[in-house]
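J.:
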Amino acid sequence: MALYRQALRHRSAIAGDRPDLDDNERLEFLGDAVLDTVVGQFVYQHYPEQGEGFLTRMRSKLVSRHQLSILAKKVEIERVMEVKIGPGQHTSVPGNAMEALVGALFLDKGFDRTRAIVIKLITTHFDLKEVEQEDRDSKSRLLEWGQKKRRKVVFVLTEEQVHGRGKQFVAEVQVDGRNTGRGMGHSKKRAEQEAARDASRKLRLPNAGSNEGGPVHGESGKASAPRTHRRRKPKQDGPAGEAVLKAKPTAGKAHHD
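Numbering that gives the first Met the number 0 applies: residue 0 is where the sequence shown begins, and numbers increase by one.
1. Do residue 80 and residue 9 have their C-beta atoms within less than 9 Å of each other?
2. Output needed for residue 42: all residues of its chain with C-beta closer than 6 Å, excluding positions within five of it in sequence on either side, in chain order.
3. With residue 23 as the anchor, note down where its alpha helix (DSSP H) starts and where it stops.
4. What are the start and end residues of each continuous beta strand (DSSP E) run of 3 or more residues lying completely inside the stretch 114-168, in chain order?
5. Could you give the distance in angstroms between the alpha-carbon of residue 103 and the alpha-carbon of residue 49?
6. Measuring CA to CA, which of 94, 61, 150, 64 is closest to residue 75?
7. In angstroms with no decimal places, state the Cα-to-Cα distance between residue 231 and residue 203.
8. Grouping DSSP H, G and I as helix and E and B as strand, with all else coil, what is residue 9?
9. Write down the C-beta distance between residue 180 and residue 169 rounded to the nearest angstrom, noting that I regard them as a contact closer than 8 Å.
10. Which residues does DSSP pair with residue 81 in a beta bridge?
11. Quick check: residue 156 and residue 187, are their CB atoms within less than 9 Å of each other?
12. Could you give the distance in angstroms between the alpha-carbon of residue 130 and the alpha-carbon of residue 61?
13. Give me the Cα-Cα distance between residue 6 and residue 158, rounded to the nearest whole angstrom.
14. Using only the heavy atoms of the ligand SAM, determine whether one of them is closer than 8 Å to the beta carbon of residue 149.
15. So, residue 141 versus residue 96, is the Cβ gap smaller than 9 Å?
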């Protein structure tokens, strides 16, 4: 189905040579909003004794780029993506595609079907107890580490608008002048938190989580040579995107360091 193929198509795959195709950014925007609603309702019902603060933190953790990237890896979304990427983009692209697939599913099947699939993904692939125990503020933890170790930690925030389709925020973390982490999001706060989490993993700080998304430009202070490749296109015998979202777990529940 065209909608699911669009959800799996990164803008790098159509730059220049295929201007007639649409990328997945609009669907990503929609999927982000749908996920917030679905996951918000899920945590509200799952934790009847908890207050607003806890529910807000749990929702933020479950829809974070870190968790979406883990989920994307477990359902092997990269196998069916259309993308040409350099290493600097690698960590965020699969998680963004997960959001886009949710947006496509919402348009195709409606809210109730989408909610059922998203909740099944959460309960199948994540250990909620482990998610609860994760440190919720990666930026504050990283800044505190810098103060204790007398390391200069600076967040650099940029804003870019792609094809007039809304704002995408990009944050980078510099430690002693060296690019150490990078994050993207639809808000400045989310981009900074993702960048702090990325930097914390590379610095091997406690509770930083595993680097599920692969290397990022600037790791170890050196830029990797750009690599360009195209993922295998989805099969044409059905909505590949919905099949990915309903995929069985490949390695049990997600574990976090």
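Note that CB positions come from ideal geometry on N, CA and C, so glycine has one too.
If you're wondering where the values come from, they're calculated on a predicted model, not measured in any experiment.
T.: According to the structure data:
1. Locating residue 80 in the sequence shown gives position 81, counting from the first residue. Locating residue 9 in the sequence shown gives position 10, counting from the first residue. Yes, these two residues count as a Cβ contact at 9 Å.
2. Here residue 42 refers to the residue found at position 43 when the sequence shown is read from its first residue. These residues qualify, in order along the chain: 54, 57, 58.
3. As a position in the sequence shown, residue 23 is number 24, starting the count at 1. Element bounds for residue 23: n/a, residue is neither H nor E.
4. 152-160
5. One-based indexing of the sequence shown puts residue 103 at position 104. One-based indexing of the sequence shown puts residue 49 at position 50. Each residue's alpha carbon lies about 32 Å from the other.
6. Position 76 of the sequence shown holds residue 75. For the options 94, 61, 150, 64, the alpha carbon positioned closest to that of residue 75 is the one of 94.
7. Counting from 1 along the sequence shown, the entry for residue 231 is found at position 232. Counting from 1 along the sequence shown, the entry for residue 203 is found at position 204. Reliability fails at residue 231, whose pLDDT of 46 lies under 50, so the model's placement of it is uncertain and the value that follows must be treated cautiously. Roughly 33 Å between the two C-alpha positions.
8. One-based indexing of the sequence shown puts residue 9 at position 10. DSSP places residue 9 in coil when its eight states are reduced to three.
9. Position 181 of the sequence shown holds residue 180. Position 170 of the sequence shown holds residue 169. Contact doesn't hold; Cβ gap of about 12 Å is too wide.
10. Working through the sequence shown from its first residue, we reach residue 81 at position 82. Answer is 8.
11. For the purposes of this step, residue 156 is taken as the residue at position 157 of the sequence shown. For the purposes of this step, residue 187 is taken as the residue at position 188 of the sequence shown. In this structure, residue 187 lies closer than 9 Å to residue 156 by Cβ.
12. Translated into the one-based positions of the sequence shown, residue 130 becomes position 131. Translated into the one-based positions of the sequence shown, residue 61 becomes position 62. Annotation: residue 130 to residue 61 spans about 8 Å, alpha carbon to alpha carbon.
13. Walking along the sequence shown from the start, residue 6 turns up at place 7. Walking along the sequence shown from the start, residue 158 turns up at place 159. About 23 Å.
14. Among the ligands in the structure shown, none appear at all, so the ligand SAM cannot be discussed.
15. Translated into positions along the sequence shown, residue 141 becomes position 142. Translated into positions along the sequence shown, residue 96 becomes position 97. Cβ distance not < 9 Å, so residue 141 and residue 96 don't count as in contact.
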